[in-house]
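For the record, in the sequence shown the residue sitting at position 43 is 43 according to full-length UniProt numbering, with numbers rising by one throughout.
For every residue, glycine included, the Cβ atom is placed at its ideal position computed from N, Cα and C.
Keep in mind it's a predicted model, so treat the numbers as computed, not measured.
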Amino acid sequence: MQRITITSHFFWPAHAAGGPIRSVKALIDNFDRPEDLEVITSDRDLDGPLPGTIPTQVWARLGVVPVLRTRQLHQLTREFTLRARRGDLLYANSLFDLRYSILPSILWVIWGKGSNIALAPRGELHPGALAIKARKKRLFISLLRTLGVLRQVTWHATNQDELNHILKVFPGASTLVSENQTLLGTTATLGRPPNNPRQLIYAGRITPKKGLDILIISLASVDTPAVLNVCGGFRQDERAYAEDCIKQANQLPSHIVVNFLGPIPHDTLLGMYAQHDLAVTPTAGENFGHAFAEALAHSCPIMVPPTTPWTATAERLGTLVPDLDPENWAHAIRRYLNSTDAEILSAKKAAGAEYESWHSMGSSSSHLFARLTAATT
């Protein structure tokens with residue numbers, strides 16, 4: 001049976017880097033042949049090193065799955081080359097990651113088969129994501145095309161929108177559509193009664209793509225008391241943006257309280273959703289949005305723009321914001337905050353029902369890894 005080498009810059013128990021970690025962990029845990037998998041990843045989370053008890057630069061098992069955590073280029077090159085030469089399928093969990101996507105892809109082309117590469121862009125080709133550092137990304141994609149590294153790659157799209165985004169950038173590319181998997185249960189947890197003042201939660205990286213600045217600007221025009229808890233960290237190159245968000249939050253009226261809680265361990269974060277009245281993210285684009293599924297699973301309504309797969313859900317809940325204009329966000333938040341306790345409780349129950357309906361309609365097709373190995377052998 002063909003083995004699969006999974007590469008990802010961040011991997012469990014890292015949590016600050018967000019959804020892609022959960023995507024890979026769910027793929028592994030839901031696969032019926034975990035003995036055919038290996039993971040090569042870094043020894044860090046978004047906000048720093050992993051706990052010292054976790055082995056690094058050596059192979060160690062997570063259950064039955066061997067995991068190598070290293071940033072050493074010579075070690076990565078050796079391990080990637082070995083697996084390319086023995087005919088492994090490469091599943092790279094990013095497009096723009098030099099060490100854990102581009103390097104292994106190049107080595108697979110040189111020493112193995114370019115057709116044994118699968119790549120999951122994780123929303124990186126969404127127009128909203130491409131608009132950030134656009135010139136740098138255009139040059140990078142142009143270089144990849146020139147080198148021919150991705151000529152035979154099979155692209156993993158998580159939905160029809162992401163498929164369209166991939167084909168717009170790489171026309172004629174080989175693709176496979178398979179929805180993101182989660183480790184959430186089938187039944188939603190009913191949240192606590194509505195809070196006074198209302199409690200809002202922003203769960204995700206503090207990055208321009210997620211639009212925390214838009215959210216904070218909009219709160220300046222909200223005259224109803226509210227608390228916003230920001231759960232997430234940032235990369236070093238995002239520090240200036242994060243500091244600007246903190247500065248703006250400190251200038252808000254006294255009846256709006258913003259708490260920057262930093263990265264929250266995933267299990268703790270799941271419990272926090274049930275304690276909040278609304279999850280808010282003015283994101284420029286998501287290929288899936290684990291935070292939205294997790295909020296709904298804990299009966300926490302989501303407020304999003306039409307840039308995610310959850311547009312129809314938010315529309316049914318009455319919490320869809322038409323665009324990223326702070327004035328429209330202020331209007332939507334103001335309307336929600338002024339709802340009665342009974343209306344908020346009804347919204348929470350509706351959010352849980354939306355989650356259960358979504359979960360019941362989950363894909364019945366074969367696991368992504370089984371489909372990939374069948375397509376590349």
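Sequence-distant residues of its chain with Cβ nearer than 7 Å to residue i (five each side left out)
i           : result
residue 354 : 296, 313, 316, 317
residue 338 : 224
residue 210 : 204, 281, 283
Beta-bridge partners of residue i, as assigned by DSSP
i           : result
residue 259 : 229
residue 167 : Residue 167 pairs with nothing; no bridge assigned.
residue 6   : 39, 91
residue 358 : DSSP output for residue 358 lists no bridge partner at all.
residue 339 : None, per the DSSP bridge assignment.
residue 66  : 61
residue 45  : 48
residue 280 : 303
Integer Cβ distance of residue i from residue j, believed to fall under 8 Å
i           : j           : result
residue 306 : residue 322 : 7 Å
residue 206 : residue 233 : 7 Å
residue 48  : residue 84  : The Cβ separation is near 31 Å, so there is no contact.
residue 293 : residue 203 : About 11 Å; that fails the 8 Å criterion.
residue 4   : residue 36  : 6 Å
Proximal residues to residue i (C-beta, below 6 Å), its chain only, five neighbours per side dropped
i           : result
residue 165 : 125, 126
residue 34  : 64, 65
residue 163 : 157, 175, 177
residue 153 : 117, 119
residue 59  : 66, 68
residue 344 : 194, 277
residue 347 : 301
8 Å Cβ shell around residue i - same chain, five flanking residues per side excluded
i           : result
residue 167 : 173, 175
residue 144 : 102, 150
residue 129 : 123, 209, 284, 285
residue 24  : 6, 8, 11, 12, 39, 93
Continuous beta strand (DSSP E) stretch holding residue i: start and end
i           : result
residue 117 : 117-119
residue 367 : No beta strand (DSSP E) holds residue 367; DSSP gives it neither H nor E.
residue 156 : 154-157
residue 199 : 198-203
residue 60  : 59-62
residue 383 : This structure leaves residue 383 out entirely; the chain is present only between 1 and 377.
residue 304 : No beta strand (DSSP E) contains residue 304, which DSSP labels as neither H nor E.
Endpoints, the alpha helix (DSSP H) within which residue i is located
i           : result
residue 111 : 103-111
residue 224 : Segment: none, residue 224 is in no alpha helix (DSSP H) and carries neither H nor E.
residue 324 : That residue, residue 324, is in no alpha helix (DSSP H); it is neither H nor E in DSSP.
residue 34  : Run containing residue 34: none; DSSP gives neither H nor E here.
Determine contact between the stretch 89-108 and the stretch 57-69, defined as no fewer than three beta-carbon pairs at a distance below 8 Å.
-> no
Count the C-beta pairs between the stretch 72-92 and the stretch 114-124 that are closer than 8 Å, then say yes if the count reaches three, no if not.
-> yes
Touch check for the stretch 188-205 and the stretch 217-234: three-plus C-beta pairs under 8 Å?
-> yes
When the Cβ atoms of the stretch 175-185 are set against those of the stretch 242-257, are three or more pairs found closer than 8 Å?
-> no
Give a yes or no on contact between the stretch 99-107 and the stretch 67-80, applying the rule of three or more CB pairs nearer than 8 Å.
-> yes
Decide yes or no for the touch test of the stretch 42-60 against the stretch 10-24: beta carbon pairs closer than 8 Å, at least 3 of them.
-> yes
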